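**Student:** Going by the UniProt record's numbering, the letters in the sequence shown line up with residues 1 to 178, in that order. Just so you know, even glycine gets a beta-carbon here, dropped at the ideal spot from N, CA and C. Small disclaimer: the values here were computed from a predicted structure and weren't measured.
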Amino acid sequence: MRSIQLGDKTFELSITSTEIQKAIYRMADEMDRDLKDKNPLMICILNGSFMFAADVMKKFTTPCQVSFVKLASYQGTQTTGQVKELIGLTEDIVGRTVVLLEDIVDTGVTIDNLVKQLNGMGPREVKVATLLFKPDACKRDVTLDYVGLSIPNEFIVGYGLDYNGYGRNLPDIYSLVK
Ligand code: 5GP
Ligand code: MG
């Protein structure tokens, strides 16, 4: 299946599940090498990262805890979706190595804000593992410790990523046909 339709948009196959899994094995190896003996807290950023987090955690052999957070748009009087509030973090991260598991870093705004929020909670360190990275779209100077694949600045779906809530269950990644 090389081309799919989601609502009003057509997408074509861009990254196969085999390529995704290969990138994930490499990331898990790098993370095992760096994080052993660090008792890391792995944090999956919902919703988009659920598939990546599940697959990378199955290859990661270091003893760790796994938790899940969501980013909610803060409904302030002036701000409209600019500030993203972190919800769902119940663990105390003081003195801990925290690893964020993110599906994709696009402009970098989301991950930059999240790293800053977490750094304010007294961890030993905050690391970022992102399956996908769009270097041409990134506007923030964020350190990405583990990157699966760098991709062009195109809108993609599949493997957790959605268009209007659809497409998350696709095992491959597809890019928008313009
Ligand atoms: P950023 O703050 O880096 O611009 O964007 C991060 C979030 O935007 C990602 O976690 C993801 O939810 C969403 N996003 C960025 N690029 C894409 C894309 O190509 N496709 C989809 N479906 N979501 C994207
Ligand atoms: Mg995300």
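What does a CB cutoff of less than 7 angstroms around residue 2 pick up in its chain, not counting 5 residues either side in sequence?
**Tutor:** To locate residue 2, count along the sequence shown from 1; it is residue 2. Contacts found: 12 and 13.
**Student:** Using alpha carbons as the reference points, say which of 121, 8 and 109 lies closest to residue 139.
**Tutor:** As a working note, residue 139 is residue 139 in the sequence shown. Here the closest residue by C-alpha is 109.
**Student:** Do residue 115 and residue 40 have their C-beta atoms closer together than 9 angstroms?
**Tutor:** Residue mapping note: residue 115 aligns to position 115 of the sequence shown, counting from 1. Residue mapping note: residue 40 aligns to position 40 of the sequence shown, counting from 1. Their beta carbons are not under 9 angstroms apart, which means residue 115 does not touch residue 40 by this criterion.
**Student:** Would you mind giving the Cβ-Cβ distance between residue 183 and residue 163, rounded to the nearest angstrom? I have them listed as a contact below 8 angstroms.
**Tutor:** Any property of residue 183 remains undetermined from this structure, which presents the chain solely from 1 to 178.
**Student:** Give the straight-line distance between the Cα atoms of residue 144 and residue 127, rounded to the nearest whole angstrom.
**Tutor:** As a position in the sequence shown, residue 144 is number 144, starting the count at 1. As a position in the sequence shown, residue 127 is number 127, starting the count at 1. The straight-line gap from Cα to Cα measures roughly 7 angstroms.
**Student:** What are the boundary residues of the beta strand (DSSP E) that residue 155 is part of?
**Tutor:** Numbered from its first residue, the sequence shown carries residue 155 at position 155. Looking at the DSSP string, residue 155 is not in any beta strand (DSSP E), and its letter there is neither H nor E.
**Student:** Only counting the same chain, and skipping five residues up and downstream in sequence, which positions put a Cβ closer than 6 angstroms to that of residue 155?
**Tutor:** Along the sequence shown, one-based indexing puts residue 155 at 155. Excluding residues within five positions, the ones whose Cβ falls inside 6 angstroms are 176.
**Student:** Going by CA-CA distance only, name the one from 55, 5 and 166 that's closest to residue 18.
**Tutor:** Along the sequence shown, one-based indexing puts residue 18 at 18. Ranking 55, 5 and 166 by Cα distance to residue 18 puts 55 first.
**Student:** Between residue 180 and residue 60, which are expected to be in contact by the criterion C-beta below 8 angstroms, what is the C-beta distance as a whole number of angstroms?
**Tutor:** This structure cannot settle anything about residue 180, because the visible part of the chain is limited to 1 through 178.
**Student:** Going by C-alpha distance, which of 169, 65 and 105 is nearest residue 37?
**Tutor:** Position 37 of the sequence shown, counted from the first residue, corresponds to residue 37. Out of 169, 65 and 105, 65 has the C-alpha closest to the C-alpha of residue 37.
**Student:** Tell me the rounded alpha-carbon separation between residue 5 and residue 15.
**Tutor:** Within the sequence shown, numbered from 1, the residue matching residue 5 stands at position 5. Within the sequence shown, numbered from 1, the residue matching residue 15 stands at position 15. The straight-line gap from Cα to Cα measures roughly 17 angstroms.
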